[in-house]
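One structure is given below, encoded as structure tokens.
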Amino acid sequence: MCPPRYFEVGYAINPWMDPVGGRADAELALRQWESLRTTYLGLGHEVELIDPVPGLPDMVFAANGALVVGTRALGASFAHPERQDEAGAYRRRLEETSGVAQVVAPQHVNEGEGDFLVVGDVVLAGTGFRTDPAAHAEVEQALALPVVSLTLVDPRYYHLDTAIGVLDDQTIAYYPPAFDEQGQQTLATLFPEAVVATEEDAATLGLNLVSDGHNVVLPAAATALAERLAGLGFAPHPVDLSELLKAGGSVKCCTMELHRHRSAPTTH
Ligand code: ARG
Numbered sequence: 005m006c007p008p009r010y011f012e013v014g015y016a017i018n019p020w021m022d023p024v025g026g027r028a029d030a031e032l033a034l035r036q037w038e039s040l041r042t043t044y045l046g047l048g049h050e051v052e053l054i055d056p057v058p059g060l061p062d063m064v065f066a067a068n069g070a071l072v073v074g075t076r077a078l079g080a081s082f083a084h085p086e087r088q089d090e091a092g093a094y095r096r097r098l099e100e101t102s103g104v105a106q107v108v109a110p111q112h113v114n115e116g117e118g119d120f121l122v123v124g125d126v127v128l129a130g131t132g133f134r135t136d137p138a139a140h141a142e143v144e145q146a147l148a149l150p151v152v153s154l155t156l157v158d159p160r161y162y163h164l165d166t167a168i169g170v171l172d173d174q175t176i177a178y179y180p181p182a183f184d185e186q187g188q189q190t191l192a193t194l195f196p197e198a199v200v201a202t203e204e205d206a207a208t209l210g211l212n213l214v215s216d217g218h219n220v221v222l223p224a225a226a227t228a229l230a231e232r233l234a235g236l237g238f239a240p241h242p243v244d245l246s247e248l249l250k251a252g253g254s255v256k257c258c259t260m261e262l263h264r265h266r267s268a269p270t271t272h
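Going by this note's numbering, the first residue of the sequence shown is number 5, and it counts up by one from there.
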């Protein structure tokens, strides 16, 4: 995670951002982010930090910094110049992270775990707004995991992690209208038991959640989704990240999950 010390909404690279009317309260953002961190700690998770860099306000969205599986990471390469310098900072931090043996430099644009979601032994990969489809093949190569490509079509759901929440190794929650026809079909086939989110769930960025398979940390505004998840036996943990939402991000965006427990890829 990256503390939002230099966070602000000073440019707009997604429809949630409004540098004129949607300015964020920086102090409140820091307190809200801290409550997310303490929620993870309270649930028994380890949290590693990266130092924020002045001039990179979106660096708080750590999910975008890389995709880490087992001992290997694929670094990010950002679509927008405003964020490009985050890539090197995240790569360097991962090189110093215990358990990460190799950080692969990317060839194509990819925004890390914003567009790559690990579900069991498969990676769901988004494209349409940010990540280049060519990067999907790169993940397959670098991490030796099968990749399922999905195309996003609604600009409000510009990253895959705004339209899909991974609940456990077999279960996802997702918002079908965020995907093209083919993507909707693929998801319906792969995940017949999925939790199909409502427009309201999606519009509060409720799907931008982090789950350890039981505890689901999710945006506080997603009350209906939280209730449904509780009904399915998950334990919802709401966190209010209203200031970060003004930049188009929430729980998952603020979290790069280090899938270090997964077995190391065997190829290459
Ligand atoms: N303002 C950031 C951007 O548009 C938000 C990133 C949110 N991150 C995510 N994983 N969805 O790039």
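Using N, Cα and C, we set each Cβ at its ideal position, and we do this for glycine too.
Between which two residues does the alpha helix (DSSP H) holding residue i run?
i    : result
Y94  : 90-99
V127 : Taken as a continuous stretch (DSSP letters only), V127 belongs to no alpha helix (DSSP H), being part of the beta strand (DSSP E) at 126-131.
R232 : 227-235
R41  : 30-46
Q189 : 185-194
Quick one: Cα of residue i to Cα of residue j, how far?
i    : j    : result
F82  : P181 : 25 angstroms
Y44  : V24  : 33 angstroms
T271 : A148 : Only weak support exists for where T271 lies, its pLDDT of 44 falling under 50; the coordinates are left without a value.
N68  : V108 : 15 angstroms
F65  : T193 : 31 angstroms
A268 : G26  : Only weak support is given to the placement of A268: the predicted model assigns it a pLDDT of 48, under 50, and the value that follows is read from those uncertain coordinates. Going by the C-alpha atoms only, they are around 43 angstroms apart.
L262 : G116 : 12 angstroms
A28  : V13  : 6 angstroms
A30  : L248 : 9 angstroms
T135 : G235 : 34 angstroms
S2   : F195 : Any question about residue 2 goes unanswered here, given that the chain covers just 5 to 272.
Buried or exposed: where does residue i fall if 16 or more other Cβ atoms within 10 Å of its Cβ makes it buried?
i    : result
Q186 : exposed
T202 : exposed
R97  : buried
Q36  : buried
V51  : exposed
P85  : exposed
H218 : exposed
I want to check one thing, is the minimum distance from the CB of residue i to the heavy atoms of the ligand ARG below 7 angstroms?
i    : result
M63  : no
A251 : yes
I168 : no
A67  : yes
N114 : no
I17  : yes
Assuming residue i is part of the beta strand (DSSP E), what are its boundary residues?
i    : result
L71  : 70-73
Y178 : 176-178
H140 : Unbroken run through H140 is the alpha helix (DSSP H), 137-147; no beta strand (DSSP E).
A77  : 76-79
Given a cut-off of 8 angstroms on the beta-carbon distance, is the pair residue i and residue j in contact?
i    : j    : result
Y162 : L156 : yes
R76  : Q111 : no
P7   : P56  : yes
V143 : L78  : yes
T166 : L213 : no
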